[in-house]
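Protein chains in written order, with this note's numbering: chain A, 81 to 368; chain B, 3 to 366; chain C, 111 to 375. Glycine included, C-beta positions come from ideal geometry on N, C-alpha and C. Here the structure is a predicted model, which is why all the values come from computation and not from measurement.
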């Protein structure tokens, strides 16, 4: 196609011309900051100054102080629970939308499912406070029904954080699983039935295995977005139990300890990378 | 080989009986009171253009659709509302529908697994089925590692291994290139003869139908136009649609002048012909004649002259030349075939004649 | 034939489940909007209203209105930059033989795999170290970082062989390079360009963590709302949240009508 002709060098130069702006931007404002952050994680804050001697003290601190390490553990626990619950709630919804809803209405149904998330993410998390706080909707409902004697608060708990997250990720997982279900050829179902499988076995042996990629992609997205989220735990989780993003932000806002915060950020990146590698390997294995 | 079914209501030797089946979709009438009996062990082809209802009929046979009215009997038992899982039919789908997440063995053995067949027996039967379709050592492979033609055979093996009473094939050769298609047609026929299962095959390709069918059922707009052995359907079609759909035909309009036992004299613009058939005197009829039966050159033997035509176009088709020639008295140009080594230039004159025995009487 | 329950009854469990999940999804937003019309000072039952006083409070809050304007400004400008850079990069990569094109592609889409929190942190530290003051500009820079990969990916995916052939035809008929770009490539890619611009605006508009970290006095709307949360449950927050929500719906409706109308024409 493109041979090394006299004109081709000029063309290649022109190509770089087109690419350069985006490359420079990404380098300057994404790659370099990450590298600098990596550097900072190996330095230390002392008073107001930055001590630029290389040390792994921040990382040691991370593992030594339960304050830091626990926040990672909390984050992983919450994220795993959120992912599992969201999958369990989303799959049946996606299935019903893909199978039982006529194609004409599917787009509308999906649109409706996404609609509430057009509020700002901050506001959306806040609105769960309206429901879960003492005196909020849930509390009032329980009082009216007679299940409690006094107003009760569900906010500022891990449970509230989980509810806030699940609210968002059920929608995300419904979308990925739905997309997967909808592109399965109808003939698979017909073939399974034709060969003697009832609806249950048809689902277990044929449909479910073929939707695992959709589940995995959704679960991965959920994991990555959830573990790095500061907003929902800060609004709904309160300050008794901190998740990693919260400890990270505290290092910046309260202590201006950029090195420590950087170290925490690197740890977060590492965890996400590990999950990414695991998922990628699984997806490659399953590549049919 | 399965023995003929003898149960209440069915004739012995009838594998499938379709009893006045009608299928209506909202506004459209897909099938209009179709009745058809399919003989045990035969290879039946449902042939027709898109929209003819052939696929709808196949889906009703397979249990994927329910008829609006009418019944379906398989081996004498009424299966009209029986779901596909419980019917003694299996289907080879147009896109094969092989399960991508299972191995070949898993795919072929799926139906057996659903029936609770134990593992050792399942493995043996799977292997036998794979040998039958000529893919003996592929059990451990995955679907995406096979070619289109191979996948088609696996789909066939999967459907046959459960020993259905009737095997349904939904345009299974459509995705294959010409050479492969011809090869598969022969293999399908051979396999059907070997296992003796009744095959019902849907296609729009009349060459395919003629090559493999024991019985062709020509369908159009939800009705059966004609059915019978390929030779009969081709040489003596019963309806104008059939004459036109199965290969080319030339049509001559005419009126019945005399009628006697089994023979009529028909007056046309091209002459009076004695044709086999039954019609009322004065009835308007059409005579159809195949291009290969129109003789070029001076009339000889039993052939009756049609007149001299002017050649409009001529194309070379390898085995023959196909010409269009205009006869003064005829409404439309005639399609004529000339032998391979005789070419003719457009504009030349070509005398045409036809043996009346090759004319087909079409009423209505 | 085995007796089968009529369709509505058979589908009851499915309908019930869908209703429950949709109810769960809509609950907080319904509460948000309802209590934005609250008369009293607390956006919790009992509901006494309806009243527009909190909407009035929002619109008379100059900080809030400034934040709103800032959000629009940052969203539009940063998205514009993202689309232009993304388009140029996609064009450069798709239409020329460039060594290591796979690597470049990976590099340009890498920011999609990194949490916004970390990107924000990196920018904060870097700006701090270099001495760049926090402002709307720094927010805009951060938003381009997160949106550029998206715009690039979307436009690049549309620049396939079919597109290339059309451009070759244009060259064949005598068009100069810049003419091909402006008169053929851009118009045909218009849907992709528009879609990526729209997505970028959506992400930028709602983006909190980067805006929070690299802004100081001039903030965007999400950051302003965040500081309102300090005061706890407040119908004013409901009002501004509902306002954003309703505007989003309105925009999508308008777009849908325009696009639909264009398709019918």
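Tell me, which residues are paired with residue i by DSSP?
i: residue 291 (chain B); result: B:252
i: residue 179 (chain C); result: Note: residue 179 (chain C) sits in no beta bridge, so no partner.
i: residue 306 (chain B); result: B:356
i: residue 49 (chain B); result: B:205 and B:220
i: residue 315 (chain B); result: B:326
i: residue 76 (chain B); result: B:18 and B:79
i: residue 144 (chain B); result: B:105
i: residue 2 (chain B); result: This structure does not reach residue 2 (chain B), given that chain B is present from 3 up to 366, and the question cannot be answered.
i: residue 351 (chain B); result: B:312
i: residue 71 (chain B); result: B:24
Considering residue i, what are the terminal residues of the alpha helix (DSSP H) in which it resides?
i: residue 133 (chain A); result: Looking at the DSSP string, residue 133 (chain A) is not in any alpha helix (DSSP H), and its letter there is neither H nor E.
i: residue 268 (chain C); result: Run containing residue 268 (chain C): none; DSSP gives neither H nor E here.
i: residue 363 (chain A); result: 338-365
i: residue 291 (chain A); result: 288-307
i: residue 140 (chain C); result: 122-144
i: residue 169 (chain A); result: 146-179
i: residue 222 (chain C); result: Per DSSP, residue 222 (chain C) belongs to no alpha helix (DSSP H) and is neither H nor E.
i: residue 241 (chain A); result: 238-262
i: residue 185 (chain A); result: 183-194
i: residue 326 (chain A); result: 324-333
Tell me where the beta strand (DSSP E) around residue i begins and ends.
i: residue 20 (chain B); result: 16-27
i: residue 323 (chain B); result: 322-329
i: residue 34 (chain B); result: 30-41
i: residue 172 (chain B); result: 168-172
i: residue 124 (chain A); result: 124-126
i: residue 336 (chain B); result: 336-341
i: residue 296 (chain B); result: 296-298
i: residue 114 (chain B); result: Segment 112-116 is the alpha helix (DSSP H) holding residue 114 (chain B); no beta strand (DSSP E) there.
i: residue 363 (chain B); result: 362-365
Here's the rule: buried if 16 or more other CB atoms are within 10 angstroms of the residue's CB, otherwise exposed. What is residue i?
i: residue 272 (chain C); result: exposed
i: residue 266 (chain B); result: buried
i: residue 171 (chain A); result: buried
i: residue 168 (chain C); result: buried
i: residue 295 (chain B); result: buried
i: residue 210 (chain B); result: buried
i: residue 9 (chain B); result: Residue placement at residue 9 (chain B) cannot be trusted, given a pLDDT of 40 that sits under 50; what the coordinates show is reported in the next sentence. Residue 9 (chain B) comes out exposed.
i: residue 251 (chain A); result: buried
i: residue 278 (chain B); result: exposed
i: residue 155 (chain A); result: buried
i: residue 368 (chain A); result: Confidence in residue 368 (chain A) is poor, its pLDDT being 45 and thus under 50, which makes the residue's placement unreliable; the coordinate value appears in the next sentence. Exposed, since its Cβ has fewer than 16 Cβ neighbours within 10 Å.
i: residue 178 (chain A); result: buried
i: residue 52 (chain B); result: exposed
i: residue 301 (chain C); result: exposed
i: residue 147 (chain A); result: exposed
i: residue 227 (chain B); result: buried
i: residue 172 (chain B); result: buried
i: residue 19 (chain B); result: buried
i: residue 347 (chain A); result: buried
i: residue 296 (chain C); result: exposed
i: residue 269 (chain A); result: buried
i: residue 267 (chain C); result: exposed
Below 7 Å, is the gap between the Cβ of residue i and the nearest heavy atom of the ligand ATP?
i: residue 180 (chain A); result: Annotation note on the ligand ATP: not contained in the displayed structure, which lists no ligands.
Problem - Completely contained beta strand (DSSP E) runs for the segment 185-230 of chain B, where each covers 3 or more residues - result: Fully enclosed beta strand (DSSP E) runs of 3 or longer: 200-205, 217-222 and 225-230.
Problem - Any 3 or more C-beta pairs closer than 8 Å across the segment 322-336 of chain B and the segment 128-148 of chain C - result: No: the two stretches stay apart, fewer than three of their Cβ pairs being nearer than 8 Å.
Practice task
Would you check if there are 3 or more beta carbon pairs closer than 8 Å linking the segment 167-184 of chain C to the segment 325-333 of chain C?
Solution key: Using a C-beta cut-off of 8 Å, the segment 167-184 of chain C makes contact with the segment 325-333 of chain C, since at least three inter-stretch Cβ pairs fall below that distance.
Problem - Continuous alpha helix (DSSP H) assignments of at least 4 residues falling wholly in the segment 296-351 of chain C - result: Positions of the alpha helix (DSSP H) runs, each at least 4 residues long and wholly inside the segment 296-351 of chain C, are given as 296-316, 319-323 and 331-338 in order along the chain.
Handout entry: Ranges of the beta strand (DSSP E) found wholly within the segment 234-286 of chain B, counting only runs of at least 3
Key = Counting whole runs of 3 or more residues, the segment 234-286 of chain B contains the beta strand (DSSP E) stretches 252-262, 265-270 and 273-278.
Practice task
Assess, as a yes-or-no matter, whether the segment 262-276 of chain A is touched by the segment 78-93 of chain B under the definition of 3 or more beta carbon pairs within less than 8 Å.
Solution key: Enough Cβ pairs lie closer than 8 Å, so yes.
Problem - alpha helix (DSSP H) runs wholly inside the segment 228-293 of chain C, at least 4 long, in chain order - result: Counting whole runs of 4 or more residues, the segment 228-293 of chain C contains the alpha helix (DSSP H) stretches 246-267 and 271-282.
Practice task
Answer yes if the segment 199-206 of chain A comes into contact with the segment 350-364 of chain C, meaning at least three C-beta pairs across the two stretches below 8 Å, and no otherwise.
Solution key: Short answer: they touch.
Handout entry: the segment 57-77 of chain B in contact with the segment 88-107 of chain B per 3-pair CB rule at 8 Å
Key = Yes, the segment 57-77 of chain B touches the segment 88-107 of chain B.
Exercise for the section: Would you check if the segment 149-166 of chain A and the segment 312-319 of chain C touch, i.e. whether three or more CB-CB distances between them fall below 8 Å? Expected result: The answer is no - the segment 149-166 of chain A does not touch the segment 312-319 of chain C, with fewer than three Cβ pairs under 8 Å.
Handout entry: Inter-stretch contact at 8 Å, needing at least 3 Cβ pairs: the segment 134-150 of chain C / the segment 188-198 of chain A
Key = With a cut-off of 8 Å, the segment 188-198 of chain A and the segment 134-150 of chain C count as touching, because enough Cβ pairs lie within range.
Handout entry: Cβ pair count under 8 Å reaching 3, the segment 250-262 of chain C against the segment 195-207 of chain C
Key = The way I'd put it, the segment 250-262 of chain C does touch the segment 195-207 of chain C; three or more beta-carbon pairs between them come closer than 8 Å.
Exercise for the section: Could you tell me whether the segment 308-315 of chain A touches the segment 277-297 of chain A, where touching means 3 or more Cβ pairs closer than 8 Å? Expected result: Touching, no.
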